[in-house]
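Undergrad:
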Amino acid sequence: MPPSSTANLYRRILLLIKKRKKKKKKPSPELPQTPQQSTPISLLPDDLLLTCFARISRSYYPTLSLVSKRFRSLLSSPELYETRSLIGRTESCLYLCLRFPPDPNTRWFTLCRKPEFQTLTNKKKSSGNLLVPVSVLNAPPVDWTTLVAVGPYIYAICGHVEKAPCSNVPFLDCRTHTWLEAPSLRLAYTDSEHDGKMYLAGNGEDPTSLNCIEVFNTKTRTWKPVPPGKRELHGKNMEGKMIVASVNKTTGEKGLAFKPKERTGELLGSNTDWDSPCMIGNIAYYYRSCSGEFEWFDTKNDDVFGKLQGLEGLPEFAGYSCVKLVEHGGKMLVLWDMYAPASGFREEIIWCAEIKLERRSCEEIRGEVEWFDAVLKVPKSYEFMYAISCTV
Numbered sequence: 025m026p027p028s029s030t031a032n033l034y035r036r037i038l039l040l041i042k043k044r045k046k047k048k049k050k051p052s053p054e055l056p057q058t059p060q061q062s063t064p065i066s067l068l069p070d071d072l073l074l075t076c077f078a079r080i081s082r083s084y085y086p087t088l089s090l091v092s093k094r095f096r097s098l099l100s101s102p103e104l105y106e107t108r109s110l111i112g113r114t115e116s117c118l119y120l121c122l123r124f125p126p127d128p129n130t131r132w133f134t135l136c137r138k139p140e141f142q143t144l145t146n147k148k149k150s151s152g153n154l155l156v157p158v159s160v161l162n163a164p165p166v167d168w169t170t171l172v173a174v175g176p177y178i179y180a181i182c183g184h185v186e187k188a189p190c191s192n193v194p195f196l197d198c199r200t201h202t203w204l205e206a207p208s209l210r211l212a213y214t215d216s217e218h219d220g221k222m223y224l225a226g227n228g229e230d231p232t233s234l235n236c237i238e239v240f241n242t243k244t245r246t247w248k249p250v251p252p253g254k255r256e257l258h259g260k261n262m263e264g265k266m267i268v269a270s271v272n273k274t275t276g277e278k279g280l281a282f283k284p285k286e287r288t289g290e291l292l293g294s295n296t297d298w299d300s301p302c303m304i305g306n307i308a309y310y311y312r313s314c315s316g317e318f319e320w321f322d323t324k325n326d327d328v329f330g331k332l333q334g335l336e337g338l339p340e341f342a343g344y345s346c347v348k349l350v351e352h353g354g355k356m357l358v359l360w361d362m363y364a365p366a367s368g369f370r371e372e373i374i375w376c377a378e379i380k381l382e383r384r385s386c387e388e389i390r391g392e393v394e395w396f397d398a399v400l401k402v403p404k405s406y407e408f409m410y411a412i413s414c415t416v
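Just so you know, we're using the numbering used here here: the sequence shown kicks off at 25 and counts up by one.
1. Around the Cβ of V166, are there at least 16 other Cβ atoms within 10 angstroms (buried) or fewer (exposed)?
2. Consult DSSP for F408 and reduce its assignment to one of helix, strand or coil.
3. What's the C-alpha gap between W445 and F329?
4. Run the CB neighbour count on N129, radius 10 Å, all protein chains shown included, and call it buried at 16 or more, exposed below.
5. Is DSSP giving T58 helix, strand or coil here?
6. Contact check, D397 vs S150 under 8 Å by CB: the rounded distance?
7. With DSSP run on the structure shown, which of helix, strand or coil describes F95?
8. Would you report the Cα separation of E340 and S315, rounded to the nearest angstrom?
9. At the level of alpha carbons, what is the spacing between P126 and K404?
10. On a CA-only basis, which of E336, L357 and C136 is nearest E392? Give me that one, please.
11. Could you tell me whether the Cβ atoms of N153 and V399 are closer together than 7 Å?
12. Are the beta-carbon atoms belonging to L99 and S109 less than 7 Å from one another?
13. Is K348 buried or exposed, if buried means 16 or more other CB atoms sit within 10 Å of its CB?
14. As a quick exercise: from S83, L155 and P69, pick the residue whose alpha carbon is nearest that of W375.
15. Would you give the residue range spanned by the alpha helix (DSSP H) that T130 belongs to?
16. So which of G368, T87, Y105 and A173 has the shortest CA-CA distance to V158?
17. Counting along the chain, where does the beta strand (DSSP E) carrying L73 start and finish?
18. Look at the Cβ atom of E317, then the Cβ atom of K331, and state whether they are nearer than 7 Å.
19. Helix, strand or coil, according to DSSP, for A206 in the structure here?
20. Report buried or exposed for Y344, applying the criterion of at least 16 other Cβ atoms within 10 angstroms of its Cβ.
21. At a Cβ threshold of 7 Å, is S89 touching chain C?
22. Would you kindly report the start and end of the unbroken beta strand (DSSP E) that includes L110?
23. Excluding the five sequence neighbours on either side, which residues of its own chain have a C-beta within less than 8 Å of the C-beta of M356, listed in chain order?
24. Answer yes or no: do Y363 and F124 have a C-beta to C-beta separation smaller than 7 Å?
25. Once you ignore the five residues that flank S81 on each side, which residues in its own chain have a CB closer than 7 Å to its CB?
26. Start and end of the alpha helix (DSSP H) containing T87?
27. Let me know if F77 comes out buried or exposed under the rule of 16 or more other beta-carbons within 10 Å of its beta-carbon.
28. Could you say which of R94, W168, E106 and Y84 lies nearest to C136 if we only look at CA atoms?
29. On the criterion of 16 or more Cβ atoms from any shown chain inside 10 Å, does F369 qualify as buried, or is it exposed?
30. Judging by CA-CA distance, which residue of V416, A180, I373 and I307 is the nearest neighbour of D322?
31. Would you call the CB atoms of I412 and L171 closer than 7 Å?
32. Considering just the uninterrupted stretch of the beta strand (DSSP E) at I65, what are its terminal residues?
33. What are the boundary residues of the beta strand (DSSP E) that includes S345?
34. Under DSSP, the beta strand (DSSP E) around R384 begins and ends at which residues?
35. Taking Cβ to Cβ, would you say H176 is nearer than 7 Å to C414?
36. Just tell me which of V91, Y105 and S92 has its CA closest to the CA of R113.
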């Protein structure tokens, strides 16, 4: 289906939504009431609708799910995501995890597009992007230190050495918005020269031994021993790794990382002062709140680094702003918050910008702001827990 046909289909669905929102007029007593006619789209068989939905960006799904219970069921079906994968229509989707004290529970949000370009500010030109709440089933207690995205799954990794020596690894299936649980693992830390570091311990006889470090295979959902030669990290070899546990608050050393493709793990021993780092390819991007600048460095070459150029149109952040960077399908999303003066400074607005990155030379990377917009209004007491993109 060409892009024009997909756009026409979406416009027809939007017209259907608008018709359902209109108030029904009472029939005139003089005229007989005519039976309601079905919309042609609603008469399509499920398999054809699934094919159409699979070709539409997932950012439209929250809106399309409002049409009917049938649409809502199809949009959450496993068959839809199998079709998206088969025809090569998977894409990155942003998820935000926030907390609103005194409620101890977390709330999840995802980025979607509104058909009528609803806005949160007086900004004349809107991108149509907004964060909408997601109903998550079987949410586990907030006892994790970091999140790791692998395909359509977001894994919650617990890294508290002081707590119980056993831990489970829950993961969120972003297709169904349901929390599931991977096999449990044991946590151990040593009192030797590796004191303060935490490892994911396996079934070794000595739980404090480095011989029982394991890495999780996300396809088979099993733990696998890590070869001894893969347990050390060199600064020039970080591409594709994910840090899964924060381990030493005194020295800032990071713990364990793993490569999903190679299914190997490594111990990290770096100490940095980055603000909200973001890995895209072999380039690490980060924002320095002290200078208000975006910087980067090449993880394959320690001598290549610089400031991110361009970014015309991106507003300046307030000194109090919480700034987060997220890798999003090869691009970079920047999230920040600012007070909403109209609320008497009782509320804040979360903003989002999407930045396209281009490496023009070995020492120059430029960023182009494709859009930025206010995406969510929150009380000023809110807590920013995590921002992450997964592929669905």
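Where a beta carbon is used, it is the ideal one built from N, C-alpha and C, also for glycine. Please read all numbers here as calculations on a predicted model, not as lab measurements.
TA: Reading off the structure:
1. exposed
2. strand
3. A query on residue 445 cannot be resolved here, the shown segment of the chain reaching from 25 to 416 and no further.
4. exposed
5. In this predicted model, T58 has a pLDDT of only 49, less than 50, meaning its place in the structure is not dependable; the value taken from the coordinates is given anyway. In this structure, T58 counts as coil in the three-state DSSP scheme.
6. 6 Å
7. helix
8. 11 Å
9. 13 Å
10. E336
11. yes
12. no
13. buried
14. L155
15. Run containing T130: none in the alpha helix (DSSP H); it sits in the beta strand (DSSP E), T130 to R137.
16. T87
17. Run containing L73: none in the beta strand (DSSP E); it sits in the alpha helix (DSSP H), D70 to A78.
18. yes
19. strand
20. exposed
21. This model lacks chain C altogether, as it is built from one protein chain only.
22. Per DSSP, L110 belongs to no beta strand (DSSP E); it is in the alpha helix (DSSP H), P102 to L110.
23. C302, I304, Y309, L349, V350, E378, I379, L381 and G391
24. no
25. E115
26. Y85 to L88
27. buried
28. Y84
29. exposed
30. I307
31. yes
32. Note, I65: premise wrong, no beta strand (DSSP E); not H, not E.
33. Premise fails: S345 is in no beta strand (DSSP E) and is neither H nor E.
34. E371 to S385
35. According to the sequence as given, residue 176 is Pro; it is not His. Yes, the pair counts as a contact, with Cβ atoms nearer than the cut-off.
36. Y105
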